[in-house]
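Asker:
Rendered as structure tokens:
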């Protein structure tokens with residue numbers, strides 16, 4: 331629906347996860363007969379969950395544990411694990427920073443250089459555990475470190491930034507030519523965030539195996555306050571799913587995975603992301619609440635310590651149970667933070683769907699939240 | 331109205347009771363000339379109110395009292411009255427549980443087995459009082475216990491679950507064949523919750539005498555948070571009333587009663603449920619506030635102690651007066667918790683309607699609440 | 331705009347004063363060249379303000395003072411002034427009642443009988459001051475006391491109830507035949523509340539000189555909670571103004587005044603009422619804040635002490651200045667409670683209108699409030 | 331979209347900055363390749379920021395500093411700098427006034443006469459610093475003081491009032507003939523606030539070089555409460571940008587600058603103002619937060635001390651850094667108060683635009699804020 335803001339401007343109404351809900355249809359199923367499995371390239375996962383490559387979420391240890399539990403741990407290569415031999419004391423210091431000093435001190439701590447030896451060491455650690463290895467770089471760092479990463483051996487390569495486009499204009503340096511980079515790489519690439527149909531379609535044309543939908547972090551509020559930019563997730567996912575469908579036709583059958591990344595604070599949001607057309611979800615906050623998460627009950631992203639213009643905060647998310655409990659329960663509270671996979675399974679069962687691809691067709695309603 | 335959420339998804343705008351209100355027309359009446367009576371099958375009730383089969387609302391004693399006052403008490407057969415010889419201490423313990431232990435302990439307490447002797451004993455107690463006897467089972471337990479229930483003698487049989495469909499897919503066990511079950515049963519069956527036109531229409535085709543509209547409990551918020559599912563009640567009731575109308579035509583005249591079940595926190599909500607097309611309402615929270623209610627000022631549903639994925643909470647609702655005062659006043663506060671029947675009567679009078687069936691045609695407006 | 335709530339129900343979107351605002355046009359004026367005068371029947375007022383016939387607002391003394399200041403004081407004849415020789419101690423007691431006892435005690439205090447001698451005495455007092463005399467009865471009491479009132483001498487007769495219709499159905503007593511009553515009466519009658527086009531049109535056909543738009547009190551919230559009824563004022567006034575226009579044509583030129591009554595908490599609301607098409611406004615809360623107001627900083631309506639189903643509360647409104655300051659300033663705070671006439675005048679000036687009738691055409695926007 | 335409020339009134343849906351956001355497109359840029367420069371008449375500025383002519387924002391000293399940093403300081407000539415030889419003690423007193431006395435005392439303090447010698451002295455001070463000189467008068471004072479101002483020498487003349495129209499009707503005095511005044515003046519004139527297409531178009535026809543969009547202050551809330559007037563900024567800017575486009579055609583090529591003035595509390599709002607079509611923004615609150623700002627952490631406008639009908643308040647805005655930091659960072663908090671120019675630059679880069687005029691075409695969405 332095209333709305334007139336004023337004489338010289340029109341706009342489209344867009345929707346957040348909080349604006350929508352799903353509704354049951356005429357059939358129901360037992361949760362036991364429902365499948366939540368997800369396959370990308372040669373890899374099949376029991377649950378369609380990727381961990382966000384953020385210091386508060388994914389360490390080598392949690393990447394391994396998430397892999398063992400049936401998901402995909404994605405290790406970020408620009409955080410404390412590749413800057414410090416001993417990251418634990420740095421994490422501990424970040425956790426204990428007073429509110430008004432947090433951003434400034436984090437800006438300092440993340441100025442330590444990224445070391446190639448640590449990249450190799452951290453990836454080897456994950457590989458040794460026998461789970462799929464996935465690692466993430468920002469577009470700005472991809473050219474500098476990608477060969478080290480590929481040599482170290484990864485199964486899935488993630489390029490993740492606030493907004494990633496297939497056509498970046500820069501004077502300072504030769505910008506990353508995504509199409510050529512992906513073509514030359516041996517491993518499948520997941521790239522994003524993209525929040526619109528056009529941006530996602532262009533990323534799909536670069537040869538990416540998957541596109542991250544969102545802004546790469548939980549900083550929606552502060553991005554809106556400081557940059558005026560906001561792409562509510564329900565619309566963003568449904569738009570990018572539209573790009574997947576159109577690109578499938580245009581490419582003669584190449585299926586690019588749509589991975590929702592951001593705005594996923596509870597199991598209801600995860601359900602809605604799939605309902606909007608996502609194939610999988612990248613989880614930050616929900617995994618940061620696990621007792622094993624390196625953030626220790628805190629959560630922060632790369633934008634939180636941007637040198638000139640920080641656009642996020644270190645936030646307290648608390649701890650609700652082990653990673654296994656977060657994924658598979660049992661839950662002792664109805665707040666959607668524990669048993670994420672069970673909630674997804676039950677939601678699919680209640681609305682009568684038996685696999686994720688079918689569930690993308692579930693009926694959706696617009697029902698603003700009466701808290 | 332069909333809205334585009336994004337390229338690959340469309341949705342319908344739906345409405346909660348809080349989104350709507352009713353408006354007067356050109357005629358007014360004295361409350362005394364208004365009738366609130368409701369007839370289903372061979373039973374006529376002075377007020378169109380059923381009690382919810384929840385431990386905090388309906389005990390044998392309150393079922394009897396509600397029957398005497400002109401409503402229908404519906405006893406739940408999967409709660410403390412059929413699991414414990416002495417339920418009062420169990421209820422007392424639940425009331426006194428600290429907030430952070432409540433869900434876990436309730437999960438334990440409701441693991442006690444359901445006993446057939448207690449089912450017989452509780453139903454006999456209600457029958458002995460000379461009021462209509464109604465009892466409720468979940469769809470999962472209906473096959474196991476229905477013959478005991480029917481042998482014990484009920485006038486109305488209620489099958490109530492979070493979401494009940496006419497077509498349930500299961501591997502674990504032979505699912506309940508509602509159509510055959512209802513056909514073979516001697517007593518009229520009320521079944522639900524259903525929240526959509528299609529689901530309700532299929533339930534009507536099973537031969538049910540009435541359909542419950544809603545999710546079978548006050549857990550709307552937590553269901554939305556944990557499962558992403560939400561079916562706001564104003565739209566749900568109006569949709570199911572549409573199914574009643576279409577089924578009336580399709581069946582050549584069989585009138586299936588529409589009973590709103592959920593989201594009915596005050597008398598204004600009850601009025602709106604009828605205005606949307608409900609024939610009667612099943613009351614949980616509003617009856618839980620009576621001094622005789624077994625919850626003793628607390629309220630909880632079956633979902634609150636689900637083993638793996640609890641989707642509700644034990645909530646404090648307080649006490650506002652006796653059941654008789656809750657139904658017929660007098661009220662000493664304008665908050666819509668006391669004199670439910672009087673409020674319904676006055677609302678009908680103010681808008682000029684003389685019986686419930688007529689009142690379903692009252693004019694409705696969309697007017698989001700400015701609290 | 332006709333919206334589908336569900337298959338069996340459609341509804342219209344309606345608007346409250348808080349949903350709308352007015353906007354300037356290309357012309358501006360000095361406030362000094364703007365007229366706020368209002369003429370009904372043989373009476374012209376400097377400001378289009380009537381006081382609400384409520385015990386917390388209008389006493390004989392404040393009716394006189396409001397008349398002297400250029401408005402119209404409307405004395406309620408079913409409150410403390412016609413039930414008690416000495417109403418001041420009763421008012422003082424009401425002011426000091428603890429919150430949880432207020433409704434119950436007020437229900438008792440208002441059971442004292444209405445006395446004809448006091449009706450005569452109070453009206454004589456106002457008449458003696460040389461200002462126009464206006465008095466109000468509820469429809470239920472109009473037949474019983476109207477001849478006393480008319481004999482005592484009033485210039486304007488107000489019949490004011492929660493919802494007043496031209497066609498009231500009653501078994502208990504012969505209902506008031508408004509058309510005949512108004513025809514036989516010598517004085518102009520203002521009648522309401524009406525909240526819809528149809529109800530207002532029927533009231534206009536009874537011969538009324540004016541129609542009150544609203545529910546006769548500030549009890550919108552509690553009426554919605556307890557009865558499910560709500561008629562937001564922006565739409566209600568614009569609808570009744572439409573009835574005025576259509577009746578003007580139908581009657582061959584009889585102009586019935588539209589008087590907004592309710593939802594007028596600050597000068598911005600008063601401005602919007604006129605902008606929606608009102609000729610004048612009846613003020614409760616805003617006058618109850620005057621230091622002379624008999625409520626002494628508290629405010630309550632007749633619904634607040636209804637015997638069986640109270641639908642309002644005694645609320646603390648505070649005191650902001652003398653009646654003269656409330657009407658004409660100067661204000662020392664920008665909250666719209668003081669200098670009501672000055673605000674109306676400035677708003678008309680800023681948007682370029684020179685009298686109230688013209689100002690009814692001012693451009694209006696829908697702009698939900700970001701508090 | 332034209333909405334029916336009621337039978338006799340239609341309205342248009344309008345939008346605030348909080349209702350909208352901008353979205354990325356398929357291209358991104360480095361912030362370094364983006365230009366934020368703005369040219370009006372013979373003057374080019376590095377950033378499109380004007381300071382509001384309010385005592386809490388612009389002193390001769392801050393006007394100079396803002397000029398040096400690449401913006402335009404606009405000195406108000408009806409505040410303390412032209413009424414007092416020593417304004418600092420007056421400012422200090424205002425800062426320290428208790429809440430309940432602030433409006434009354436400010437009404438007194440601003441009754442001191444405006445002195446021509448001080449106008450000359452303050453403007454000379456700014457000119458001596460070598461930055462562009464801009465000064466503001468209200469329409470009411472323009473005739474009285476404009477010749478003094480022009481003789482003192484200004485590069486840009488600002489006429490700023492709550493609502494300024496090209497056609498003001500007055501009896502008390504000869505109203506300002508804007509068209510003639512601007513024609514006869516040697517310096518370019520910026521005039522406003524105007525909030526609608528028609529009002530702005532008429533102002534453009536007077537020969538103004540720029541039009542201020544808004545109500546000339548942060549008093550939107552209180553103006554709505556007291557006058558019922560509200561023109562949300564997203565719609566207002568887009569409407570006036572539409573007037574600019576139509577006037578460009580009508581005048582055969584005269585480009586009138588659109589300057590958003592009001593509702594700009596953080597960098598996100600500034601971004602949105604440009605996105606709606608503004609060429610530049612006039613900043614009050616955001617500059618009042620600078621440590622050099624004369625308000626010392628407080629902020630107030632002329633309406634706050636209006637004699638009869640104050641429509642604003644002195645508000646505490648706090649201090650967040652030097653003017654240089656407010657403009658260019660670095661930021662240590664993601665709240666959009668520091669590094670305004672950096673945020674604008676990054677927003678343009680993220681959405682792929684390289685200059686302000688292009689950026690006016692950025693895609694906009696309606697996405698009500700979930701705080």
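Chains as they are written, first to last, in our numbering: chain Z, 331 to 701; chain F, 331 to 701; chain L, 331 to 701; chain X, 331 to 701. No residue lacks a Cβ here, since even glycine has one placed at the ideal position from N, Cα and C.
1. Are the CB atoms of residue 499 of chain X and residue 523 of chain X nearer to each other than 8 Å?
2. Leaving out the 5 sequence neighbours to the left and right, which residues in its chain are closer than 7 Å to residue 367 of chain Z when beta-carbon positions are compared?
3. Rounded C-beta distance between residue 537 of chain Z and residue 382 of chain Z? I'm assuming under 8 Å.
4. Take residue 457 of chain Z and list the residues in its own chain whose beta-carbon comes closer than 7 Å to its own, dropping the five residues that flank it on each side.
5. Output needed in chain order: residues of the region 634 to 658 of chain L with a Cβ under 8 Å from some Cβ in chain F.
6. Taking Cβ to Cβ, would you say residue 421 of chain X is nearer than 8 Å to residue 385 of chain X?
7. Is the CB-CB distance between residue 461 of chain Z and residue 487 of chain Z below 8 Å?
8. Identify whether residue 610 of chain F lies in helix, strand or coil by the three-state DSSP scheme.
9. Residue 373 of chain X bridges to which residues according to DSSP?
10. By Cβ distance, which residues of its chain are closer than 8 Å to residue 571 of chain Z, with the 5 residues on each side in sequence left out?
11. Residue 493 of chain X: which of L/652, L/674, L/354 and L/670 sits nearest, CA to CA?
12. Short of 6 Å in beta carbon distance, which residues of its chain neighbour residue 391 of chain L, apart from the five on each side in sequence? Order them along the chain.
13. How many angstroms separate the CA atom of residue 336 of chain Z from the CA atom of residue 338 of chain L?
14. Can you give me the Cβ contacts of residue 444 of chain F inside the same chain, cut-off strictly under 8 Å, excluding the 5 residues immediately before and after it?
15. Report the rounded CA-to-CA distance for residue 548 of chain Z versus residue 554 of chain Z, giving the unit in angstroms.
16. State whether the region 631 to 644 of chain F contacts the region 339 to 349 of chain L, with contact taken as three or more CB pairs (one from each stretch) at a distance under 8 Å.
17. Rounded to the nearest angstrom, how far is the Cβ of residue 489 of chain L from that of residue 453 of chain L, given a contact under 8 Å?
18. What does residue 680 of chain X reach in chain Z if we use C-beta pairs closer than 8 Å?
19. Should residue 395 of chain X go down as buried or exposed, given a rule of 16 or more other Cβ atoms within 10 Å for buried?
20. What do you reckon, are the CB atoms on residue 612 of chain F and residue 593 of chain F nearer than 8 Å?
21. With DSSP as the reference, label residue 632 of chain F as helix, strand or coil.
22. Report, in whole angstroms, the separation of the C-beta atoms of residue 597 of chain F and residue 365 of chain F, which I expect to be a contact under 8 Å.
23. Taking the DSSP output, what are the residues bridged to residue 271 of chain F?
24. Thinking C-beta only, is residue 673 of chain L closer than 8 Å to residue 556 of chain X?
25. Which residues in the same chain have their Cβ closer than 6 Å to the Cβ of residue 626 of chain X, if we skip the five residues on either side of it in sequence?
26. Based on the DSSP secondary-structure assignment, which residues constitute the bridge partners of residue 486 of chain F?
27. Using 8 Å as the limit for Cβ to Cβ distance, is residue 501 of chain X near chain L?
28. To which residues of the same chain is residue 358 of chain X closer than 7 Å at the C-beta, ignoring the five residues directly before and after it?
29. Please state the DSSP three-state secondary structure of residue 677 of chain Z.
30. Thinking just about the alpha-carbon of each residue, which of F/602, F/623, F/507 and F/637 is nearest to the one in residue 675 of chain F?
31. Apart from the five residues just before and just after residue 628 of chain Z, which ones in its own chain have a Cβ nearer than 8 Å to its Cβ?
32. Just list the residues that DSSP pairs residue 498 of chain F with in beta bridges.
33. Along the region 342 to 362 of chain L, what residues have a CB closer than 7 Å to any CB found in chain X?
34. Which one of Z/666, Z/633 and Z/662 has the shortest CA to CA distance from residue 665 of chain X?
35. Anything in chain Z within Cβ reach of residue 602 of chain X, meaning under 8 Å, just list it in chain order.
36. Please list the partners that residue 398 of chain X has in chain L, where partner means a Cβ-to-Cβ separation under 9 Å.
Answerer: Inspection of the coordinates gives the following:
1. The count along the fourth chain starts at 1 and reaches residue 499 of chain X at position 169. The count along the fourth chain starts at 1 and reaches residue 523 of chain X at position 193. No; because the gap between Cβ atoms is not below 8 Å, this pair is not in contact.
2. Translated into the one-based positions of the first chain, residue 367 of chain Z becomes position 37. Counting only Cβ-Cβ distances below 7 Å, and skipping sequence neighbours, we find 374, 375 and 376.
3. Translated into the one-based positions of the first chain, residue 537 of chain Z becomes position 207. Translated into the one-based positions of the first chain, residue 382 of chain Z becomes position 52. In this structure, residue 537 of chain Z and residue 382 of chain Z do not form a Cβ contact; the two beta carbons are roughly 23 Å apart against a cut-off of 8 Å.
4. For the purposes of this step, residue 457 of chain Z is taken as the residue at position 127 of the first chain. 463 and 483.
5. If you check each beta-carbon in the region 634 to 658 of chain L against every beta-carbon of chain F, the ones closer than 8 Å belong to 634, 637, 638, 639, 640, 641, 642 and 643.
6. Residue mapping note: residue 421 of chain X aligns to position 91 of the fourth chain, counting from 1. Residue mapping note: residue 385 of chain X aligns to position 55 of the fourth chain, counting from 1. Taking 8 Å as the Cβ cut-off, residue 421 of chain X and residue 385 of chain X qualify as a contacting pair.
7. Counting from 1 along the first chain, the entry for residue 461 of chain Z is found at position 131. Counting from 1 along the first chain, the entry for residue 487 of chain Z is found at position 157. Their beta carbons are not under 8 Å apart, which means residue 461 of chain Z does not touch residue 487 of chain Z by this criterion.
8. Locating residue 610 of chain F in the second chain gives position 280, counting from the first residue. Secondary structure of residue 610 of chain F (DSSP, three-state): strand.
9. As a working mapping, residue 373 of chain X is identified with position 43 in the fourth chain. Per DSSP, X/370.
10. Within the first chain, numbered from 1, the residue matching residue 571 of chain Z stands at position 241. Only 588, 606, 607, 608 and 690 meet the Cβ criterion.
11. In the fourth chain, residue 493 of chain X corresponds to position 163, counting from 1. Ranking L/652, L/674, L/354 and L/670 by Cα distance to residue 493 of chain X puts L/354 first.
12. As a working note, residue 391 of chain L is residue 61 in the third chain. Excluding sequence neighbours, residue 391 of chain L sits near nothing in its chain.
13. Position 6 of the first chain, counted from the first residue, corresponds to residue 336 of chain Z. Position 8 of the third chain, counted from the first residue, corresponds to residue 338 of chain L. Cα to Cα, residue 336 of chain Z sits roughly 36 Å from residue 338 of chain L.
14. As a first step, residue 444 of chain F must be located in the second chain, where it is residue number 114. In its chain, beyond the 5 residues on either side, 407, 408, 412, 413, 471 and 475 have a beta carbon closer than 8 Å to the beta carbon of residue 444 of chain F.
15. If you number the first chain from 1, residue 548 of chain Z lands on position 218. If you number the first chain from 1, residue 554 of chain Z lands on position 224. Below a pLDDT of 50, predicted positions are generally treated as unreliable, and residue 548 of chain Z, at 47, falls in that range; no measurement from the model is reported.
16. no
17. Translated into positions along the third chain, residue 489 of chain L becomes position 159. Translated into positions along the third chain, residue 453 of chain L becomes position 123. No, residue 489 of chain L and residue 453 of chain L are not in contact; Cβ-Cβ is about 16 Å, not under 8 Å.
18. Residue 680 of chain X sits at position 350 when you count from the first residue of the fourth chain. Simply 492, 493, 557 and 559.
19. For the purposes of this step, residue 395 of chain X is identified with residue 65 of the fourth chain, where counting begins at 1. Residue 395 of chain X should be labelled buried.
20. Locating residue 612 of chain F in the second chain gives position 282, where the first residue counts as 1. Locating residue 593 of chain F in the second chain gives position 263, where the first residue counts as 1. No, the Cβ-Cβ distance between residue 612 of chain F and residue 593 of chain F is not below 8 Å.
21. Walking along the second chain from the start, residue 632 of chain F turns up at place 302. Three-state result, residue 632 of chain F: helix.
22. Within the second chain, the letter at position 267 stands for residue 597 of chain F. Within the second chain, the letter at position 35 stands for residue 365 of chain F. No, residue 597 of chain F and residue 365 of chain F are not in contact; Cβ-Cβ is about 17 Å, not under 8 Å.
23. The structure shown has nothing for residue 271 of chain F, since chain F only spans 331 to 701.
24. The residue labelled residue 556 of chain X in the question sits at position 226 within the fourth chain. The residue labelled residue 673 of chain L in the question sits at position 343 within the third chain. Yes. Within cutoff.
25. Taking the fourth chain and counting its residues from 1, the one referred to as residue 626 of chain X is at position 296. For residue 626 of chain X, where only same-chain residues beyond five positions count, the Cβ hits under 6 Å are 425.
26. Walking along the second chain from the start, residue 486 of chain F turns up at place 156. Assignment of beta-bridge partners to residue 486 of chain F by DSSP yields F/464.
27. The residue you call residue 501 of chain X lines up with position 171 of the fourth chain. Taking Cβ atoms only, chain L reaches closer than 8 Å to residue 501 of chain X, which makes this a yes.
28. Counting from one through the fourth chain, the residue named residue 358 of chain X turns up at place 28. Answer for residue 358 of chain X: 679, 680 and 682, listed in chain order.
29. Start at 1 with the first residue of the first chain, and residue 677 of chain Z comes out as number 347. Helix, per DSSP.
30. Position 345 of the second chain holds residue 675 of chain F. Nearest of F/602, F/623, F/507 and F/637 to residue 675 of chain F, Cα basis: F/602.
31. Locating residue 628 of chain Z in the first chain gives position 298, where the first residue counts as 1. Excluding sequence neighbours, residue 628 of chain Z sits near 386, 424, 425, 618, 644, 645, 646 and 647.
32. Taking the first residue of the second chain as 1, we reach residue 498 of chain F at position 168. Z/358.
33. 345, 350, 351, 352, 353, 354, 355, 356, 357, 358, 359, 360 and 362
34. Within the fourth chain, residue 665 of chain X is the residue found at index 335, counting from 1. Selected option, being the one with the closest Cα: Z/633.
35. Residue numbering aside, residue 602 of chain X sits at position 272 when the fourth chain is read from its first letter. By Cβ distance, chain Z contributes 558.
36. For the purposes of this step, residue 398 of chain X is taken as the residue at position 68 of the fourth chain. Neighbours of residue 398 of chain X on chain L: none; closest Cβ ~35 Å, over 9 Å.
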